[in-house]
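Using the numbering used here, you'd call the opening residue of the sequence shown number 6 and step up by one each time. Backbone N, C-alpha and C define an ideal beta-carbon position, used for all residues, glycine too. The structure appears below as structure tokens.
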Amino acid sequence: MQTKPFSQSLHDLCDPPARDAIIKYVKNTWDLKASYNPNQYGVDLIIERGNDVVGFAEIEMRDWDRCPFNTIHIPKRKDKLLYNDKPTIYFVVSRYLKRAWYIDSQVIKNSSVFEIPNRSVSQGEYFYDIPTYLFTEIEL
Numbered sequence: 006m007q008t009k010p011f012s013q014s015l016h017d018l019c020d021p022p023a024r025d026a027i028i029k030y031v032k033n034t035w036d037l038k039a040s041y042n043p044n045q046y047g048v049d050l051i052i053e054r055g056n057d058v059v060g061f062a063e064i065e066m067r068d069w070d071r072c073p074f075n076t077i078h079i080p081k082r083k084d085k086l087l088y089n090d091k092p093t094i095y096f097v098v099s100r101y102l103k104r105a106w107y108i109d110s111q112v113i114k115n116s117s118v119f120e121i122p123n124r125s126v127s128q129g130e131y132f133y134d135i136p137t138y139l140f141t142e143i144e145l
């Protein structure tokens, strides 16, 4: 299986603003505390109620403002981040941080996986192919 190579500069450009937008959303909408995971190889955010961990969030930024597709692709390489001892929510954040789409990781894990050519990897990379209607769209 091929995977998109990690880019530190792309990570630094996209991840902190997307994480911060979701931290703000979780606080303002769900009245929960979300914070960066100190494990840089773990899921992006830890979500807490009081001092109790109640879940996790994985976040990915996309290069569109509104989802133009009937399905959203979640990289198979993210598998390790979806299996936690608490519920995990996967957020797809628009490039201008105006909206996002989220889905429970259990739905992702139960979805079909396909090899899908893309800009970064022309062959051999696999994705969960999930209908957009299964996501919840939110304003940030």
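Paired residues, beta bridge with residue i - DSSP
i, result
"ALA105", "VAL98 and ILE143"
"PRO136", "THR76"
"THR93", "PHE61"
Closest by C-alpha distance to residue i, when choosing among the options
i, options, result
"ASP134", "ILE28, VAL98 and ILE79", "ILE79"
"ILE77", "LYS32, GLU53 and ALA105", "ALA105"
"VAL112", "TYR131, THR141, GLU120 and ILE121", "THR141"
"GLU53", "ASN44, ASN33, VAL118 and LYS38", "LYS38"
"ASN75", "LEU145, ILE143, GLU144 and THR137", "THR137"
"GLU144", "PRO21, ASN33 and TYR46", "ASN33"
"PHE132", "ILE108, LYS83, ASN89 and TYR107", "LYS83"
"ILE121", "LYS81, ASP20, ASN89 and ASN115", "LYS81"
"ASN89", "ASN115, SER117, ILE108 and GLY47", "GLY47"
"LYS85", "LYS114, TRP35 and LYS29", "LYS114"
"GLN45", "ILE108, PRO21 and GLY55", "PRO21"
"ILE27", "GLU130, TYR107 and PHE119", "TYR107"
Cβ separation of residue i and residue j, assumed to be a contact under 8 Å, to the nearest whole Å
i, j, result
"SER110", "LEU139", "12 Å between Cβ atoms; not a contact."
"ARG24", "ASP49", "6 Å"
- request: State whether the segment 84-96 contacts the segment 63-71, with contact taken as three or more CB pairs (one from each stretch) at a distance under 8 Å.
  value: Look at the beta carbons and you see the segment 84-96 touching the segment 63-71: at least three pairs across the two are nearer than 8 Å.
task: Evaluate contact between the segment 65-74 and the segment 95-111, counting only Cβ atoms and requiring at least three cross-stretch pairs below 8 Å.
output: Taking 8 Å as the limit for Cβ pairs, the verdict is that the segment 95-111 does touch the segment 65-74.
field: Residue ranges of each beta strand (DSSP E) within the segment 36-75, 3 or longer
entry: Annotation note: the segment 36-75 contains the following uninterrupted beta strand (DSSP E) runs of length 3 or greater, listed N- to C-terminal: 38-41, 50-54 and 57-66.
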